[in-house]
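**Q**
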Amino acid sequence: GRDCLFLCFFFSILLLFLPLYHSQASCLCGSAPCLLCGCCPSSNNSTITRLVFSFFLLLGTMVSVIMILPGMETQLRKIPGFCQGGTTIPGIENQFNCDVIVGYKSVYRMCFAMACFFFLFSAIMIRVRSSKDPRAALQNGFWFFKFLILVGITVGAFFIPDGTFHTVWFYFGVVGSFIFILIQLILLIDFAHSWNKIWVENAENTDNKCWFAGLLSFTVLQYALAITAVVLFYIHYTKPDDCTEHKVFISLNLIFCIIISVVSILPKIQEAQPHSGLLQASLISLYTMYVTWSAMTNNPNRKCNPSLLSLVSNVSNSEPSGDSNPGQVQWWDAQGIVGLIIFLFCTLYASIRSSSNTQVNKLMQTEEGGGSGGEGVVGEDGIRRAVDNEEDGVTYSYSFFHFHLFLASLYIMMTLTNWYQPDTTTQAMQSSMPAVWVKMSSSWLGLGLYLWTLIAPLIFPDRDFN
Numbered sequence: 001g002r003d004c005l006f007l008c009f010f011f012s013i014l015l016l017f018l019p020l021y022h023s024q025a026s027c028l029c030g031s032a033p034c035l036l037c038g039c040c041p042s043s044n045n046s047t048i049t050r051l052v053f054s055f056f057l058l059l060g061t062m063v064s065v066i067m068i069l070p071g072m073e074t075q076l077r078k079i080p081g082f083c084q085g086g087t088t089i090p091g092i093e094n095q096f097n098c099d100v101i102v103g104y105k106s107v108y109r110m111c112f113a114m115a116c117f118f119f120l121f122s123a124i125m126i127r128v129r130s131s132k133d134p135r136a137a138l139q140n141g142f143w144f145f146k147f148l149i150l151v152g153i154t155v156g157a158f159f160i161p162d163g164t165f166h167t168v169w170f171y172f173g174v175v176g177s178f179i180f181i182l183i184q185l186i187l188l189i190d191f192a193h194s195w196n197k198i199w200v201e202n203a204e205n206t207d208n209k210c211w212f213a214g215l216l217s218f219t220v221l222q223y224a225l226a227i228t229a230v231v232l233f234y235i236h237y238t239k240p241d242d243c244t245e246h247k248v249f250i251s252l253n254l255i256f257c258i259i260i261s262v263v264s265i266l267p268k269i270q271e272a273q274p275h276s277g278l279l280q281a282s283l284i285s286l287y288t289m290y291v292t293w294s295a296m297t298n299n300p301n302r303k304c305n306p307s308l309l310s311l312v313s314n315v316s317n318s319e320p321s322g323d324s325n326p327g328q329v330q331w332w333d334a335q336g337i338v339g340l341i342i343f344l345f346c347t348l349y350a351s352i353r354s355s356s357n358t359q360v361n362k363l364m365q366t367e368e369g370g371g372s373g374g375e376g377v378v379g380e381d382g383i384r385r386a387v388d389n390e391e392d393g394v395t396y397s398y399s400f401f402h403f404h405l406f407l408a409s410l411y412i413m414m415t416l417t418n419w420y421q422p423d424t425t426t427q428a429m430q431s432s433m434p435a436v437w438v439k440m441s442s443s444w445l446g447l448g449l450y451l452w453t454l455i456a457p458l459i460f461p462d463r464d465f466n
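Numbering (our numbering), first residue to last: 1 to 466.
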């Protein structure tokens with residue numbers, strides 16, 4: 001049955017990685033300090049743990065992408081007796097429903113399993129203060145058993161009957177993705193502040209003007225891309241007598257991006273936050289334009305939502321976005337691919353970040369970072385181990401980190417299915433306005449969060465906002 005298929009698939013992946021740890025077999029049941037290689041960016045226990053959990057998320061994402069690849073169902077139906085409706089092999093009673101293990105249904109179930117897995121750990125790790133807490137051993141070790149738990153939940157998810165599952169889980173995905181988009185923006189704000197601070201300090205300490213030239217070049221490039229996006233949006237996603245929502249969305253976000261750019265260079269803001277500047281504002285503006293574009297591609301109004309193919313080949317704009325078949329999901333459209341790239345960057349950055357931005361650390365439930373740690377410890381067997389850097393206190397909230405991965409699972413589900421809403425009557429997927437409003441409202445709230453990081457030191461002068 002289905003359990004055999006997925007158990008074989010996951011165990012085959014596990015067998016691929018077991019040889020990497022043939023000399024560290026005990027680490028599969030041990031702690032994160034065992035898991036360390038020369039390519040790791042840090043030798044800290046906390047960083048290794050976050051990277052492994054992020055690997056679990058990326059592995060589930062890879063499986064979801066494979067299941068939604070075009071032609072997958074056709075290939076499965078070629079296997080005699082495998083899919084329902086095919087030729088039954090004598091002696092085999094159970095057959096797979098191929099529209100469940102491929103397409104959007106498989107993505108919903110795979111992401112449901114990952115979300116349950118990370119939500120479970122988020123609940124277990126509430127209020128862990130240091131690695132001396134017994135639950136910290138569960139966080140930083142027992143990788144083999146955690147992998148088995150993920151496999152078990154995944155197998156069980158594929159036995160969930162259709163019913164209203166997809167509709168209900170769609171709304172869970174919408175809410176979770178809304179929050180995750182905000183977290184992505186917070187991470188981008190943190191990255192931009194750190195980027196600007198490091199390059200400015202390098203320029204001042206080395207008297208090398210190339211650092212300033214680099215900052216200027218990236219700032220101009222990001223603003224140029226954002227302005228180009230606005231022009232293209234007005235040309236292709238608006239009509240003189242239609243698409244009023246798009247006109248409002250584009251105009252509002254353009255005005256908001258101008259506001260945050262002006263505020264970021266005001267003398268009082270510069271005095272309170274010397275490292276704020278146009279680099280951060282340009283990156284946030286570019287991300288805002290991406291979210292705006294992503295929202296407009298979910299508009300069910302076909303006149304206002306031309307397919308990328310029609311834009312490139314000058315085909316009539318009456319074609320629907322993505323594919324001519326509204327029931328078919330295509331995750332490989334341009335905005336979906338860009339969304340996956342941003343997701344991968346933010347997931348990796350959340351795993352290795354060590355920030356000095358106090359406001360962002362409070363929002364992300366992390367402590368001020370002091371670098372990526374020591375050089376590790378060499379054991380008696382000559383193998384380098386990670387250092388437990390959390391004996392006095394955790395460097396990040398275990399619970400919040402898993403909640404972040406829980407939201408990331410929902411975001412991946414929505415991205416791979418183009419935010420289409422399941423139709424229980426036709427078993428198809430359709431664009432929906434709720435997805436449009438969720439993305440747009442998240443962009444506005446995200447711009448507000450960035451504006452807050454600029455003006456907070458002025459509003460509360462007695463607080464430390466270094």
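Glycine included, every Cβ here is placed at the ideal spot set by N, Cα and C.
Quick one: Cα of Tyr287 to Cα of Tyr223, how far?
**A** If I take the Cα positions, the gap works out to 11 Å.
**Q** In whole angstroms, give me the CA-to-CA distance for Arg135 and Arg127.
**A** Arg135 and Arg127: Cα-Cα distance of roughly 10 Å.
**Q** Please state whether DSSP places Val436 in a helix, a strand or coil.
**A** It is helical.
**Q** For Pro457, is the classification buried or exposed, using 16 other Cβ atoms within 10 angstroms of its Cβ as the cut-off for buried?
**A** Buried.
**Q** Throw me the rounded Cβ distance for the Val394 and Arg109 pair, which I believe falls under 8 Å.
**A** That belief does not hold up - the Cβ atoms of Val394 and Arg109 are roughly 33 Å apart, past 8 Å.
**Q** Can you tell me where the alpha helix (DSSP H) with Met110 in it begins and where it stops?
**A** Unbroken alpha helix (DSSP H) run through Met110: Tyr104 to Ile124.
**Q** Roughly how many whole angstroms lie between the Cα atoms of Arg463 and Ala272?
**A** Using only the alpha carbons, I get a separation of about 11 Å.
**Q** Using only the heavy atoms of the ligand FMN, determine whether one of them is closer than 7 Å to the beta carbon of Ile260.
**A** No copy of the ligand FMN occurs in the structure displayed, which carries no ligand at all.
**Q** Considering Cα atoms alone, identify which of Met414, Gly141 and Met67 is closest to Phe53.
**A** Looking at the Cα atoms, Gly141 is the closest of the given residues.
**Q** Apart from the five residues just before and just after Leu449, which ones in its own chain have a Cβ nearer than 6 Å to its Cβ?
**A** Correct list: empty, nothing qualifies.
**Q** For Gly141, which of helix, strand or coil comes out of DSSP?
**A** Looking at Gly141 - three-state DSSP - the assignment turns out to be strand.
**Q** Looking at the secondary structure, which residues open and close the alpha helix (DSSP H) in which Thr468 lies?
**A** What the structure shows of the chain is the stretch from 1 to 466, and residue 468 is not part of that stretch, so it cannot be assessed.
**Q** Please say whether Phe118 and Val405 have beta carbons closer to each other than 8 Å?
**A** According to the sequence shown, residue 405 is Leu rather than Val. Yes. Within cutoff.
**Q** Out of Thr238, Leu266, His166 and Ile284, which one is the CA nearest neighbour of Thr219?
**A** The candidate whose alpha carbon is nearest that of Thr219 is Ile284.
**Q** Please classify Asp242 as buried or exposed, where buried requires at least 16 neighbouring CB atoms within 10 angstroms.
**A** Flag for Asp242 reads exposed.
**Q** Residue ranges of each alpha helix (DSSP H) run of no fewer than 4 residues wholly in the region 237–305, ordered along the chain?
**A** Fully enclosed alpha helix (DSSP H) runs of 4 or longer: 244–264, 267–272 and 278–296.
**Q** Considering only residues of the same chain and omitting the five flanking positions on each side of Val175, which have a CB-CB separation below 7 Å?
**A** Excluding positions up to five away in sequence, the list is empty.
**Q** How is Pro161 classed by DSSP in three states: helix, strand or coil?
**A** Residue state, collapsed to three classes: coil.
**Q** For Gly277 versus Asn196, is the C-beta spacing smaller than 8 Å?
**A** Yes, they are a contact pair.
**Q** If distances are taken between C-alpha atoms only, which option among Ile337, Cys210 and Ile186 comes closest to Ser442?
**A** The option with the nearest alpha carbon to Ser442 is Ile186.
**Q** Ala249 and Ala295: beta carbons closer than 8 Å?
**A** Note on identity: in this sequence residue 249 is Phe, with Ala being the wrong assignment. Cβ distance < 8 Å, so Phe249 and Ala295 count as in contact.
**Q** I need the DSSP call for Leu36, collapsed to helix, strand or coil.
**A** At Leu36 the pLDDT is 48, less than 50, meaning the model places this residue with poor confidence and gives no usable figure here.
**Q** Hey, Ala157 and Ala229: beta-carbon distance below 8 Å or not?
**A** No; because the gap between Cβ atoms is not below 8 Å, this pair is not in contact.
**Q** Quick check on Ala334: buried or exposed, where buried means 16 or more other Cβ atoms within 10 Å of its Cβ?
**A** That one is exposed.
**Q** State yes or no: is the C-beta of Phe343 within less than 8 Å of the C-beta of Ile412?
**A** In contact: Phe343 and Ile412 (Cβ atoms closer than 8 Å).
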